[in-house]
Structure formats: structure tokens, C-alpha cells
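In my numbering, the protein residues as written are 4 to 154.
Cβ atoms here follow ideal geometry from the backbone N, Cα and C, with glycine treated the same way.
Treat the numbers as computed from the prediction; the structure is a model and nothing was measured.
Below: the structure, in C-alpha cells.
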């Protein structure tokens with residue numbers, strides 16, 4: 004605990020949690036810990052309860068817990084399908100695939116429930132043209148006209 008407080012190379016939240024535990028271990032009251040550690044009373048109780056729940060392991064009590072966050076909308080599998088669809092030959096009646104056509108196809112094949120053309124555009128822009136070509140108008144290895152085949 005002392006090392007965390009002295010070095011100061013940790014997140015401010017972790018340092019505050021360590022300070023609270025140290026104060027409580029030195030027999031400070033919850034109210035004194037609030038004043039000295041500059042945290043709320045509920046925070047002091049949460050840190051103490053977590054310390055007890057973790058089997059009095061201070062290291063686990065002050066560490067950040069993993070947060071679920073929002074899962075990525077495009078998994079690697081869906082990205083691979085988008086790339087495959089974008090690189091596949093369009094139907095004979097049209098010259099090129101549009102972003103809307105790619106989005107519709109991804110939903111039709113049930114890779115995702117819904118997807119916007121903007122998500123498709125951002126992904127294709129980030130990955131660059133297939134085949135490693137970047138000059139607009141040149142054909143890539145998948146037959147797609149780089150820079151002009153998806154609108």
C-alpha cells in the first residue's frame with residue numbers, strides 16, 4: 004500500500020482507494036477517512052466492503068474491476084463477410100455495389116440484425132482497398148475497382 008501511495012504511478016482512483024484502506028487499517032473512522040482521502044462516505048464503505056469480500060486482500064480491493072462496456076458491433080467474422088461481399092462480383096445488371104447493397108446483403112445473410120451504411124463505409128475505409136492497392140481506379144486482386152467501386 005505504501006508503495007502505491009509513494010510512487011504515484013497508478014490511477015488516481017487506485018491511489019485514493021489505497022489511501023482509504025490505509026487510513027482504515029490505522030483505525031481511522033469512516034468520517035475521518037472521508038476528510039483525509041477526499042472521498043465520499045459511501046465510497047469509504049464500498050472500499051471497505053470490497054476489501055472484506057476479497058478475503059482481506061488489499062491488492063484485489065483497490066484494483067479496477069473489469070467493465071463490460073458495449074460489445075463491438077462488428078466482430079471479426081462480420082468484417083470478413085463484409086470484405087467478401089464488397090470484393091465479390093456484383094450482379095450482371097449493375098456496375099458496382101453500393102454501400103446500401105452491401106449493408107442489405109449482410110442483413111439478408113443474417114450476419115447481423117441491422118447495420119448502417121456508415122458502419123460499412125467506415126470499416127471499408129479503415130481497411131483500405133483489398134489487394135493492397137491504393138490508387139483510385141486501379142483494379143484490386145478481387146476485381147474491385149479501388150476507390151470507385153463502392154459508393
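Asked	Found
Cβ of residue 109 within 8 Å of Cβ of residue 118?	yes
For residue 106, count the other beta carbons within 10 Å of its own beta carbon; 16 or more makes it buried, fewer makes it exposed. Which is it?	buried
Alpha carbon to alpha carbon, how far is residue 43 from residue 91? Give it in angstroms, no decimals.	58 Å
In whole angstroms, what is the alpha-carbon distance linking residue 54 and residue 76?	35 Å
Rounding to the nearest angstrom, what Cα-Cα distance links residue 30 and residue 70 in this structure?	32 Å
Using the Cβ count rule (16 or more neighbours within 10 Å means buried), how would you classify residue 112?	exposed
Would residue 36 be called buried (16 or more neighbouring beta carbons within 10 Å of its own) or exposed?	buried
When the Cα of residue 86 is compared with those of 126, 72, 27, which residue comes out closest?	126
With C-beta atoms as the reference, is residue 120 less than 8 Å away from residue 103?	yes
Can you give the Cα-Cα distance for residue 150 and residue 123, rounded to whole angstroms?	Its pLDDT being 46, under 50, residue 150 is placed unreliably in this model, and the coordinates cannot settle the point.
Which of the three DSSP states is assigned to residue 165 in this structure?	Residue numbering for the chain in the displayed model covers 4 to 154; residue 165 lies beyond these limits and cannot be assessed.
Who are the Cβ neighbours of residue 74 in its own chain at under 8 Å, not counting the five residues just before and after it?	none
Tell me the rounded alpha-carbon separation between residue 51 and residue 24.	7 Å
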